[in-house]
Amino acid sequence: MTSGPVFFYILILGKYFLHGSGQDVKCSLGYFPCGNITKCLPQLLHCNGVDDCGNQADEDNCGDNNGWPIQFDKYFASYYKMTSLYHFETRTSECLSHFFLFITLLFLVPHYPHSLLLPPYSVVGSVPVPCLCRGLEVDCDETNLRAVPSVSSNVTKMSLQRNLIRKLPPDGFKKYHHLQKLYLSHNRITFLKPGVFEDLHRLEWLIIEDNHLSRISPLTFYGLNSLILLALMNNVLTHLPDKPLCQHMPRLHWLDFEGNHIHNLRNLTFISCSNLTVLVMRKNKINHLSENTFAPLQKLDELDLGSNKIENLPPQVFKDLKELSQLNLSYNPIQKIQANQFDYLVKLKSLSLEGIEISNIQQRMFRPLMNLSHIYFKKFQYCGYAPHVRSCKPNTDGISSLENLLASIIQRVFVWVVSAVTCFGNVFVICMRPYIRSENRLHAMSIISLCCADCLMGIYLFVIGAFDLKFRGEYNKHAQLWMESIHCQIVGSLAILSTEVSVLLLTFLTLEKYICIVYPFRCLRPKKCRTITVLILIWMTGFIVAFIPLTNKEFFKNYYGTNGVCFPLHSEDTESTGAQIYSVAIFLGINLAAFIIIVFSYGSMFYSIHQSAITATEIRNQVKKEMILAKRFFFIVFTDALCWIPIFVLKFLSLLQVEIPGTITSWVVIFILPINSALNPILYTLTTRPFKEMIHQFWYNYRKRRSIDSKGSQKTYAPSFIWVEMWPLQEMPPELIKPALFTDPCELSLISQSTRLNSYS
Numbered sequence: 001m002t003s004g005p006v007f008f009y010i011l012i013l014g015k016y017f018l019h020g021s022g023q024d025v026k027c028s029l030g031y032f033p034c035g036n037i038t039k040c041l042p043q044l045l046h047c048n049g050v051d052d053c054g055n056q057a058d059e060d061n062c063g064d065n066n067g068w069p070i071q072f073d074k075y076f077a078s079y080y081k082m083t084s085l086y087h088f089e090t091r092t093s094e095c096l097s098h099f100f101l102f103i104t105l106l107f108l109v110p111h112y113p114h115s116l117l118l119p120p121y122s123v124v125g126s127v128p129v130p131c132l133c134r135g136l137e138v139d140c141d142e143t144n145l146r147a148v149p150s151v152s153s154n155v156t157k158m159s160l161q162r163n164l165i166r167k168l169p170p171d172g173f174k175k176y177h178h179l180q181k182l183y184l185s186h187n188r189i190t191f192l193k194p195g196v197f198e199d200l201h202r203l204e205w206l207i208i209e210d211n212h213l214s215r216i217s218p219l220t221f222y223g224l225n226s227l228i229l230l231a232l233m234n235n236v237l238t239h240l241p242d243k244p245l246c247q248h249m250p251r252l253h254w255l256d257f258e259g260n261h262i263h264n265l266r267n268l269t270f271i272s273c274s275n276l277t278v279l280v281m282r283k284n285k286i287n288h289l290s291e292n293t294f295a296p297l298q299k300l301d302e303l304d305l306g307s308n309k310i311e312n313l314p315p316q317v318f319k320d321l322k323e324l325s326q327l328n329l330s331y332n333p334i335q336k337i338q339a340n341q342f343d344y345l346v347k348l349k350s351l352s353l354e355g356i357e358i359s360n361i362q363q364r365m366f367r368p369l370m371n372l373s374h375i376y377f378k379k380f381q382y383c384g385y386a387p388h389v390r391s392c393k394p395n396t397d398g399i400s401s402l403e404n405l406l407a408s409i410i411q412r413v414f415v416w417v418v419s420a421v422t423c424f425g426n427v428f429v430i431c432m433r434p435y436i437r438s439e440n441r442l443h444a445m446s447i448i449s450l451c452c453a454d455c456l457m458g459i460y461l462f463v464i465g466a467f468d469l470k471f472r473g474e475y476n477k478h479a480q481l482w483m484e485s486i487h488c489q490i491v492g493s494l495a496i497l498s499t500e501v502s503v504l505l506l507t508f509l510t511l512e513k514y515i516c517i518v519y520p521f522r523c524l525r526p527k528k529c530r531t532i533t534v535l536i537l538i539w540m541t542g543f544i545v546a547f548i549p550l551t552n553k554e555f556f557k558n559y560y561g562t563n564g565v566c567f568p569l570h571s572e573d574t575e576s577t578g579a580q581i582y583s584v585a586i587f588l589g590i591n592l593a594a595f596i597i598i599v600f601s602y603g604s605m606f607y608s609i610h611q612s613a614i615t616a617t618e619i620r621n622q623v624k625k626e627m628i629l630a631k632r633f634f635f636i637v638f639t640d641a642l643c644w645i646p647i648f649v650l651k652f653l654s655l656l657q658v659e660i661p662g663t664i665t666s667w668v669v670i671f672i673l674p675i676n677s678a679l680n681p682i683l684y685t686l687t688t689r690p691f692k693e694m695i696h697q698f699w700y701n702y703r704k705r706r707s708i709d710s711k712g713s714q715k716t717y718a719p720s721f722i723w724v725e726m727w728p729l730q731e732m733p734p735e736l737i738k739p740a741l742f743t744d745p746c747e748l749s750l751i752s753q754s755t756r757l758n759s760y761s
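Mapping to this note's numbering: the sequence shown position 387 is 387, numbers consecutive.
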């Protein structure tokens, strides 16, 4: 509520629609009835903008208007039906008389019930100049008042919001016997003396929002026999009185303590609040509930306990709330919910469990709630445990939806395309590498290892695409089981194994080049034993990093099962602290360090070659060669940056507790993460000079064979790749006779800086 709390409620009423329950029609799980006709539709057709039922029943009840909107309509709407008929507003010192208002209403609305009009026909009298009059309502908002103004006793509403009032005198409202609504929000009131409202026997609304109240007692509200709504939001109350709070407010229906500092609710607090229908306690610090706390509230229609610090719910804490239609427990650190926790809430229509990790969730929890129409979870996968509920939110996490593991058609197409490109490219390089001329075998071994690691990413995407096909159209039925399954754990481990081995291998290859180019005369030729040892250590490290989370469920929880694609970004999982720490250590520890090393090394290599070539004799070709080299280095670093910088940014934001939409996570996992795996074969093999020369050589042999066949001298057969690579150099055409390419980084130290430029072209 702000300066106009009344109008806030009026706006909400506009969204409230009555609808048929259709409870007489029985539908299968995952379907809902079309009103009272014998037709059932899948939940996904609820409120989709199309009349699928034929009687608009599937487009009704799209908004969740259970709870206080109904109560507001029941108790307060009739008043605004009358007051909305006139909007007379003056800045004069005199307000309209009730007699004039009476005559006006009779003229404008002859059929309006005369009994709804207030009986006295006297003039309100003078009001402070800054104030406004609307009939018998006085509005003194934002007029810098420091005390309650003195106006005529006939006023029915007084609004003193956003002023400088610090205290209310004992007799400040003594003469206002007709006052029905009093607004004191956004002042500086710290204390309410007992009996300060004792003369306001007709007061129905009392709103004291955004003040500095630190304590209240039942005597504070002595005399408020007609009070219906009491709102004390956003004060600094730390506890509620031990004595019955509603002792002097027998008609109280609406009680709002949102945004205070209340720590617990005592058994005696609500013992006299038998008529209460709405109780709002959200955004407090409540950490404990007694089993009989809500026992007296047998007429309660809405209970809001959201955003507190409740860890445990007593087994039968809701047993007496037989009339409850809306319950909000969202954003509490509740560890476990009893299977029969909601059994007594037979009339419940709306249940909010957002932000709660329900480790023991099961269909048994929600099966007794036959009238439940709206339910809200932390994860959309939980919707499968309440299949009879018409509206379940969220219906997607940005990656998956209720129907499909991959929600978007773009995701589904892209996952197959990238999987095919990644697998084909890396398998092709693995098969072709042994036949590339002048290739250093140890360097080839490292490249083949890199291709094997990248191939795992293609396999990972292929498996995700396959399970998307398997669950197509009914993913919500399998979502939770899939994410907890061994298949999801292994697939996620493969993705991390591929990622980490690829990163470490790229770092190893980069460091070798860096040492041999920047320090050419200190470089020792790589030994077979050393290279094999490093490769084994890299793969062992990858396996350890990928599979450690599977060894300790208590610490890591469901590390790979936080989303449908089984990739552990953990951008918003606040419950798995161990998983978050481990994920940050990988992505912002190992991978960020590797990325920095790669960027620094390529920058240093280019600078070293640039400086050396300035003193070389081949000045004429220097600019051209450096441009070729710069482009190659740029694309290597650019693809690494394109892949890893978004992930680093996401991890930093998650550390700052910034909420990250699931759609961003899906883009990272499906579209960005596989970039390196798909492009590494191109960058490290298919665009290198050895591969180009092999293709040129193959094409030359093919043309030569065709030439011999056309002359008809004798029939020859195309040589194999091995035979082609062993052709004597003097038999090659002049355009293919070039300096041998030394791809071994350490061999580069034996040639000139100019030749080194050619090596990386």
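We treat Cβ as the ideally placed atom computed from N, Cα and C, and that holds for glycine. From a predicted model like this one, the values you see are computed outputs, not experimental measurements.
Out of Asn552, Cys452, Trp416, Asn284, state which residue places its alpha-carbon closest to the alpha-carbon of Val427.
Among Asn552, Cys452, Trp416, Asn284, the Cα nearest to that of Val427 belongs to Cys452.
Beta-carbon proximity of Asn476 to Gly384, cut-off 9 Å
Yes, Cβ-Cβ distance for Asn476 and Gly384 is below 9 Å.
Pairs of beta-carbons, one from the segment 530-548 and one from the segment 461-477, closer than 8 Å: are there three or more?
Cβ pair count under 8 Å is below three, so no.
Assuming contact is defined by CB atoms lying nearer than 9 Å, are Leu279 and Asp304 in contact in what I supplied?
Yes; because the gap between Cβ atoms is below 9 Å, this pair is in contact.
What residues in its chain sit with their C-beta under 8 Å from that of Ile647, if we drop five residues either side in the sequence?
So the qualifying residues of the chain are Leu569, Phe587, Asn591, Val668, Ile672, Leu673.
Same chain, Cβ closer than 6 Å to Val389, neighbours up to 5 away in sequence not counted:
Cβ neighbours of Val389 beyond the five flanking positions: Leu372, Ile375.
Just to confirm, is the Cβ distance from Asn558 to Glu484 under 9 Å?
Yes, these two residues count as a Cβ contact at 9 Å.
Residues near Ala147 by beta carbon distance below 8 Å, same chain, minus five either side
Ile165, Pro169, Gly172, listed in sequence order.
With distances taken Cα to Cα, identify the nearest neighbour of Glu474 among Ile356, Ile447, Asn395.
Restricting attention to Ile356, Ile447, Asn395, the CA atom closest to the CA of Glu474 is found in Asn395.
Would you check if there are 3 or more beta carbon pairs closer than 8 Å linking the segment 404-416 to the segment 486-495?
Contact between the segment 404-416 and the segment 486-495 is not established, with fewer than three Cβ pairs separated by less than 8 Å.
What residue from Leu289, Tyr331, Phe366 has the CA that sits closest to Ile356's CA?
When Leu289, Tyr331, Phe366 are compared, the shortest CA-CA separation from Ile356 is found for Tyr331.
My output table needs one value for Ser485: the three-state DSSP class, helix, strand or coil.
In the three-state scheme derived from DSSP, where H, G and I count as helix and E and B as strand, Ser485 is classed as coil.
Label Phe595 either buried or exposed according to how many other C-beta atoms from any shown protein chain fall within 10 Å of its C-beta, with 16 as the threshold for buried.
Phe595 sits buried, since 16 or more C-beta atoms from the chains shown fall within 10 Å of its C-beta.
For Arg364, report the span of its alpha helix (DSSP H) as first-last.
Counting along the chain, Arg364 falls outside any alpha helix (DSSP H), and DSSP gives it neither H nor E.
Rounded to whole angstroms, what's the CA-CA distance from His478 to Leu402? Just pull it up for me.
CA-CA distance, His478 to Leu402, rounds to 10 Å.
Going along the chain, which residues of its own chain have a beta-carbon closer than 8 Å to the beta-carbon of Lys174, five neighbours each way excluded?
Hits under 8 Å: Asp199.
Count the other CB atoms, across all protein chains shown, that sit within 10 Å of the CB of Trp482; report buried if there are 16 or more and exposed otherwise.
The residue is buried, with at least 16 neighbouring Cβ atoms inside 10 Å.
Beta-bridge partners of Tyr376, as assigned by DSSP
According to DSSP, which records beta bridges pairwise, Tyr376 is partnered with Ser352, Lys393.
So the candidates are Asn340, Ser350, Asn275; which of them puts its Cα closest to the Cα of Ser325?
Put simply, of Asn340, Ser350, Asn275 the residue whose alpha carbon is nearest the alpha carbon of Ser325 is Ser350.
At the level of alpha carbons, what is the spacing between Ile207 and Leu230?
Near 6 Å, if we compare the C-alpha coordinates of Leu230 and Ile207.
Within this structure, are the beta carbons of Lys181 and Ser159 separated by less than 9 Å?
One thing to note: Lys181 has its Cβ within 9 Å of the Cβ of Ser159.
Do you know whose CA, among Ile597, Pro549, Gly603, Phe191, lies nearest Ile581's CA?
Of the candidates Ile597, Pro549, Gly603, Phe191, the one whose C-alpha sits nearest the C-alpha of Ile581 is Pro549.
Roughly how many angstroms separate the alpha carbons of Ser274 and Gln247, rounded to a whole number?
One Cα belongs to Ser274, the other to Gln247, and the distance between them is close to 10 Å.
Please return the same chain residues whose Cβ sits closer than 7 Å to the Cβ of Tyr460, not counting the five positions on each side in sequence.
So the list reads Val491, Leu494, Ala495, Ser498, once near-sequence residues are dropped.
For the alpha helix (DSSP H) that contains Ser764, what are its first and last residues?
Beyond the ends of the chain as shown, which are 1 and 761, falls residue 764; an answer cannot be given.
Which of the three DSSP states, helix, strand or coil, is assigned to Gln326?
It is a strand residue.
Grouping DSSP H, G and I as helix and E and B as strand, with all else coil, what is Cys383?
Here DSSP, grouped into helix, strand and coil, assigns Cys383 to helix.
At the level of alpha carbons, what is the spacing between Lys393 and Phe380?
Cα to Cα, Lys393 sits roughly 6 Å from Phe380.
Under three-state DSSP, which class holds Leu227?
For Leu227, the three-state secondary structure derived from DSSP is coil.
Please report the residue range of the beta strand (DSSP E) in which Lys181 lies.
Counting along the chain, the beta strand (DSSP E) containing Lys181 begins and ends at 181-183.
Applying the criterion that 16 or more other CB atoms from any shown protein chain within 10 Å of the CB defines a buried residue, is Leu136 buried or exposed?
Buried, by the Cβ-count rule.
Straight-line Cα distance separating Pro194 from His239
In this structure, the alpha-carbon of His239 lies about 17 Å from that of Pro194.
Where does Gln161 land, buried or exposed, given buried means 16+ other C-beta within 10 angstroms?
Around the beta-carbon of Gln161, 16 or more other beta-carbon atoms lie within 10 Å, marking it buried.
At what residues does the alpha helix (DSSP H) containing Arg530 begin and finish?
Here the alpha helix (DSSP H) through Arg530 covers 528-547.
Using 10 angstroms around the beta-carbon of Ile361, count the other beta-carbons present and answer buried if the total reaches 16, otherwise exposed.
In the assembly as shown, Ile361 is a buried residue. Its beta-carbon has 16 or more other beta-carbons within 10 Å.
Going by CA-CA distance only, name the one from Ser290, His696, Val658 that's closest to Asn312.
When Ser290, His696, Val658 are compared, the shortest CA-CA separation from Asn312 is found for Ser290.
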